[in-house]
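As they're listed, the protein sequences go chains A and B. Residue numbers -5 to 119, in the numbering used here, belong to the letters of the first sequence in order. Residue numbers -5 to 119, in the numbering used here, belong to the letters of the second sequence in order. Note that the Cβ used here is the ideal one computed from N, Cα and C, for glycine as well. Model, not experiment: these values are computed from the prediction. Everything below concerns the one structure shown next.
There are 2 protein chains.
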Amino acid sequence: MRIGEAAAAAGTTPRALRFYEQRGLLPAPPRSRTGQRQYGAREIARVRLIRELLSLGLTVEDVGSCADRLHLLEGDALPDYGAGGCAQKSGVVERRIAALDAEISRLTRLRDQLAARTGSVSMPR
Amino acid sequence: MRIGEAAAAAGTTPRALRFYEQRGLLPAPPRSRTGQRQYGAREIARVRLIRELLSLGLTVEDVGSCADRLHLLEGDALPDYGAGGCAQKSGVVERRIAALDAEISRLTRLRDQLAARTGSVSMPR
DNA sequence: CTTGCCTTTGACGCATGGGTCAGGGGTTAG
DNA sequence: CTAACCCCTGACCCATGCGTCAAAGGCAAG
């Protein structure tokens, strides 16, 4: 399977696949004699996993930092990442949660300060 | 007063002052015969106001969009922006609050999904 | 063989709020 | 006059996750 078909099967674009490969999230696939990348079902599953992790708020660097342990998560329905060996050992998920918490509280403080200026009620949930 | 001194007095840098001017937040000051910008106390107060608005989470575009009404807020201790004529009429503050709310809830959802994966408790406030 | 779609690499674009550098000129103290 | 700063404009840099474009070659159908 060439890159276009593989990308479509994984719900993304050829550009994204090359990008993941370049940044170390996706191992470099074998090439045809003429240099074209060749993907199989394994790679597609891997790309789906990468996309799910990214959509959960992890950064490309986060995922790349534990790329060598990602295969432990492939196949199952994305259960407990901590148990998978990637999250707990390296702490990427915990650090990302902490970063999200920090950003959330920063934005919340800004929101409340702005609301205080206009007299808006500070309780929109 | 030249730009370096004015910037220091306002707690920022010459680059920021030129940037605000270029983006329409700060009116272009008079120039000396040799082309150097000349600032007075009014401009410095204006820059302080701009910085306060930006630090509250408004964007450069937000502030630029009501730059012609900013003088209504200068001098007083940053009271109710809505009453100042800038916020309520143009709605910039309300829109920015809505954008912050949207971003906060987006990040909160991500955080909770990530926490659910690791079994972390979802109550760090 | 040609047409037309697919792939390759490399490089620039986006948005934010300025930081930093380059090359050239102003300004002021000694 | 000169050193030592300061200012001018224009242009590139940062980080994120790719999108988009360009030039050149591959691949399958007619």
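Contact under 8 Å by Cβ, residue i with residue j
i               : j               : result
arginine 42/B   : leucine 108/A   : no
valine 86/A     : serine 49/A     : no
isoleucine 38/A : alanine 3/A     : yes
leucine 94/A    : leucine 104/B   : yes
isoleucine 98/A : isoleucine 98/B : yes
glycine 18/B    : alanine 61/B    : yes
Three-state secondary structure (DSSP) of residue i
i             : result
arginine 45/A : helix
arginine 12/B : helix
serine 99/A   : helix
glycine -2/A  : helix
arginine 17/A : coil
leucine 52/A  : coil
threonine 6/B : coil
leucine 72/B  : Reliability fails at leucine 72/B, whose pLDDT of 49 lies under 50, so the model's placement of it is uncertain and no value is given.
glycine 85/A  : coil
alanine 77/A  : Residue confidence for alanine 77/A is low, a pLDDT of 48 falling below 50, so the modelled location carries little weight and cannot support an answer.
Residues that residue i bridges to, as DSSP identifies them
i             : result
arginine 25/B : Arg31/B
8 Å contact criterion, which residue i and residue j should meet: CB distance rounded
i             : j            : result
arginine 31/A : leucine 64/A : So it is not a contact: roughly 19 Å between Cβ atoms.
valine 57/B   : leucine 47/B : 5 Å
threonine 7/A : alanine 1/A  : 5 Å
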